[in-house]
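One structure is given below, encoded as structure tokens.
In the numbering used here, the protein residues as written are 423 to 549.
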């Protein structure tokens, strides 16, 4: 039994070594490749590199377009505004952030408006 188990372990190790050596043979180019083979490999590598660069360029263009759409200046150009408290200039996200007579600043696409709060209506459904 022990001899049989030892035989199987050696056989398994030999098989493993065989597959590892096959992997290295295929991974390392043969230095005796012909000029045509080298040129073909060079073309394949060049095409793959250009495709990779094109894919990266497309992804970068998409990211740039997303950033441009989210740019505060672009948002203002679409008719939105940004309103801040004064003098600390915190962006007002909730009517509860201001009280009657607080000074506020509204930033528009072209210019700013300085006003005082006349009334603050709290709640999400008051739009």
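For each residue, glycine too, the CB sits at the ideal point set by N, CA and C.
- Between residue 530 and residue 508, the C-beta spacing is not below 9 Å.
- Note on geometry: alpha-carbon atoms of residue 543 and residue 523 lie some 14 Å from one another.
- Beta bridge pairing from DSSP links residue 513 with 506.
- Shown here for residue 490: same chain residues with a beta carbon closer than 8 Å to its own, the five before and five after excluded, namely 496 in chain order.
- Our two residues, residue 504 and residue 510, have alpha carbons roughly 14 Å apart in a direct line.
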